[in-house]
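> Below: one structure in structure tokens.
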Amino acid sequence: MDNDLYKELILDRYKNPNNYGEIKDAKEAEQANYLCGDKLKIFIKTDKKGKIVQAKFFGGGCAISMAAVDLLLDKVVGKSLDEAKKMEGSEIEEMLGIDLTPARKKCAYLGLEVIKKI
Amino acid sequence: MDIKSRFPIFKKYPDLAYLDNAATTLKPEVVLEKMEQYYREYSANIHRGIYGISEKATEEYEEARLKVAKFIKAAPSEIIFTTGATAGLNLVASGWARAYLEKGDEILVTEMEHHSNLVPWQNLVKEKELILKFIPVNVGFLDLSKLEKLVGDRTRLLAITQVSNVLGTVNPIEEIIKRVHKINPKVVVVVDGAQAVAHGPVDMKDMGADFYAFSGHKMYGPTGIGVLWGKKERLEEMEPVNFGGGMINEVTMQNYTLAEIPFRFEGGTPPIGEAIGLGAAVDFIEKLGWDFIRKQEKEIFDYLVESMPKDVGSSSYSQGTIMLLAVNYVHPHDLAQILDSVGVCVRAGHHCAQPLHQKLGLVASTRISLAVYNDRSDIDKLIEGVKKVKQIFGKKEK
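For the protein sequence lines, the chains are A and B, in the order given.
Final position of the first sequence in the working numbering is 118; the numbers increase by one with none missing.
Final position of the second sequence in the working numbering is 1398; the numbers increase by one with none missing.
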């Protein structure tokens, strides 16, 4: 059993996220984690060339889902929206630095699911 | 009495603290043995087999029906084997209510229903333009102060859980049925007994219900088997929903005649080994005895309540098996995950009762639910896990 799931990086991102908030006049989408009902909303702002210049999230959730989306939004800035949508779940696990059980993958991948809806 | 030694899972995981019994209970050796015996020694189909092992299978399957009937104080002809409580409730909705309820009729449910005793009614309400009304929940209990006002001439059906799967609340089911029938004696009452049957005796003669549904796997039996009990008159009115083999007497090119009750509601090959396993689960419960089961569960529940650190939010409205837990602002998923890391199994989520969580102002919750094999060491491990959660998350500012 993995006692390191709640390591410093994840707890720190959960308690003090970089990208929590809302952006006005941005593209946005929302989805619920059907395991628990938590809702996550993501705002994406792009420049004239279509590159993502700002990304924020809003909503509640477990430490894994909140840390995952916060790290993901760091990563998408500078990419085009299409590039962001092509990202894969394994990249999120890499960012988190942990192996996830199938149930918790749903939590960790929620941010990516929302981006794919934008 | 060492109960854990009777459950083989504890041989594989001697330190397992299994506290998710409202989701499903673990299975005792006697149930597994009885099922294995069917699958190894006489796994023939039931009915009409004119040979030894088929006759044996039929006999054991019907013996299980007798055991279940005795267990809930009903007649064997009123026991329908289903695949679980959900299937039983859906059978009432599709087989009885669909035929007897008309546009504008009212169905009364409660705000604490499991989705399985809500969604089938919502579906019927949409289809037949019925009206769905709710008995409200107030601080963990049903608010019965306005019950009489919710019942009228158009009330045709009351669907209610005996024990809440989230709060553990034991509803005063007989009193509620009496009060509803005093206003309108024609209201047909459907009771979800899934969380009740493993924790205390139920009596179909006294309850006053028309239908009662429960699952085998929440009472030490296998998955895939459940029971719908129905009053004789209601079963005579109810229409089958699964047509095919086993539920007919005679079939011609153009027509068919129905088999007797309850067989007409058991179309297709039933889960035979599972029904036989459920019979063994009934024997298991009856051998332990309700006095022992209730005393054991109460003792451990009291120990749980007294062991829980005072700064941890816990609520319990039950008379003995379910507690909701909140540690600071830690999300239920994180709480359950850390408890898992110390070998403690609890459930986190909405427990198939989203409307109740909306009412309580929660998205999700963490639930502890007991069964007869739980002991003080399980609770000690839980408390150790809760302390670990507090240590990992510290005080989160919010």
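All C-beta atoms, glycine included, are put in the ideal place defined by N, C-alpha and C.
Remember, predicted model here, so these are calculated numbers, not experimental data.
(1) Suppose you measure from the CA of LYS1388(B) to the CA of GLU94(A); what does that come to, to the nearest Å?
(2) Short of 7 Å Cβ to Cβ, which residues in the segment 1361-1385 of chain B face chain A?
(3) What residues from chain E crowd round HIS1357(B), counting only those whose CB sits closer than 8 Å?
(4) Considering just the uninterrupted stretch of the alpha helix (DSSP H) at MET1035(B), what are its terminal residues?
(5) Helix, strand or coil: how does DSSP classify LYS1396(B) here?
(6) If contacts are defined as beta-carbon pairs under 8 Å, then GLY1245(B) and GLY1267(B) qualify, I think. What distance do you get, rounded to the angstrom?
(7) Return no unless some Cβ of chain A is closer than 8 Å to the Cβ of HIS1181(B).
(8) Hey, out of ILE1392(B), ALA1198(B), ILE1135(B) and CYS1352(B), whose CA is closest to VAL1166(B)'s CA?
(9) Restricting to runs no shorter than 3 residues, where is the beta strand (DSSP E) found entirely within the segment 44-82 of chain A?
(10) Which residues in the same chain have their Cβ closer than 6 Å to the Cβ of ILE64(A), if we skip the five residues on either side of it in sequence?
(11) For the alpha helix (DSSP H) containing ASN1399(B), name the first residue and the last one.
(12) Could I get the ranges of all uninterrupted alpha helix (DSSP H) runs contained in the segment 1201-1263 of chain B, with 4 residues as the minimum, in chain order?
(13) What's the gap between the Cα of VAL1282(B) and the Cα of GLU1274(B)?
(14) Tell me, please, whether the CB atom of GLY61(A) is closer than 8 Å to any CB atom in chain B?
(15) Roughly how many angstroms separate the alpha carbons of GLU1129(B) and LYS1103(B), rounded to a whole number?
(16) Which residues in the same chain have their Cβ closer than 6 Å to the Cβ of PRO17(A), if we skip the five residues on either side of it in sequence?
(17) Which ranges would you report for the alpha helix (DSSP H) in the segment 1142-1198 of chain B if only whole runs of at least 4 residues count?
(18) Would you mind stating whether VAL1109(B) and TRP1121(B) have Cβ atoms separated by less than 8 Å?
(19) For chain B, check one thing: does any of its Cβ atoms lie closer than 8 Å to the Cβ of LEU5(A)?
(20) Within 10 Å of its beta-carbon, does MET998(B) have 16 or more other beta-carbons around it, so buried, or fewer, so exposed?
(21) Given a threshold of 16 other Cβ atoms within 10 Å of its Cβ, counted over all protein chains shown, does MET1253(B) qualify as buried or as exposed?
(22) Report the partner residues of ARG1006(B) according to the DSSP bridge assignment.
(23) Go ahead and pull the three-state DSSP assignment for MET95(A).
(24) Since ARG1367(B) sits in a beta bridge, which residues does DSSP pair it with?
(25) Tell me which residue opens and which closes the beta strand (DSSP E) that GLY1313(B) is part of.
(26) Can you look up ILE1379(B) in the DSSP assignment and give me helix, strand or coil?
(27) Check ALA1281(B) in the structure and name its three-state DSSP category.
(28) Tell me, please, which residues DSSP counts as bridged to SER1117(B).
(29) Listed in chain order, which residues of the segment 1306-1335 of chain B have Cβ atoms closer than 7 Å to some Cβ of chain A?
(30) Contact between the segment 1053-1066 of chain B and the segment 1192-1202 of chain B is defined here as three or more beta-carbon pairs at a separation below 8 Å; is this criterion met?
(31) When you compare only the Cα positions, how much space is there between GLU1384(B) and ILE1009(B)?
(32) Identify whether GLY1385(B) lies in helix, strand or coil by the three-state DSSP scheme.
(33) In three-state terms, what does DSSP make of ASP4(A)?
(34) Can you tell me which of ALA1099(B), LYS1133(B) and ALA1093(B) puts its alpha carbon nearest to the alpha carbon of GLU1111(B)?
(35) Does ALA1017(B) come within less than 8 Å of chain A when only Cβ atoms are used?
(36) Three or more beta-carbon pairs under 8 Å between the segment 1005-1022 of chain B and the segment 83-91 of chain A, yes or no?
On the basis of the supplied data:
(1) 26 Å
(2) VAL1363 and ALA1364
(3) Within the model displayed, chain E is absent; protein chains A and B are what it includes.
(4) 1029-1041
(5) Note that LYS1396(B) scores a pLDDT of 47, beneath 50, so its modelled location is shaky and nothing firm can be said.
(6) 7 Å
(7) no
(8) CYS1352(B)
(9) 52-59
(10) ARG104, CYS107 and ALA108
(11) No answer is possible for residue 1399(B): it lies beyond the span of chain B, which begins at 1001 and ends at 1398.
(12) 1204-1207 and 1232-1237
(13) 12 Å
(14) yes
(15) 5 Å
(16) ASP70
(17) 1147-1150 and 1173-1183
(18) yes
(19) yes
(20) Because chain B is modelled from 1001 through 1398, residue 998(B) falls outside the range shown and cannot be assessed.
(21) exposed
(22) According to DSSP, ARG1006(B) bridges with nothing at all.
(23) helix
(24) LEU1324(B) and ARG1347(B)
(25) 1313-1315
(26) helix
(27) helix
(28) In the sequence as displayed, the identity of residue 1117(B) is Asn instead of Ser. None; ASN1117(B) has no bridge partner.
(29) HIS1331, PRO1332, HIS1333 and ASP1334
(30) no
(31) 22 Å
(32) helix
(33) helix
(34) LYS1133(B)
(35) no
(36) no
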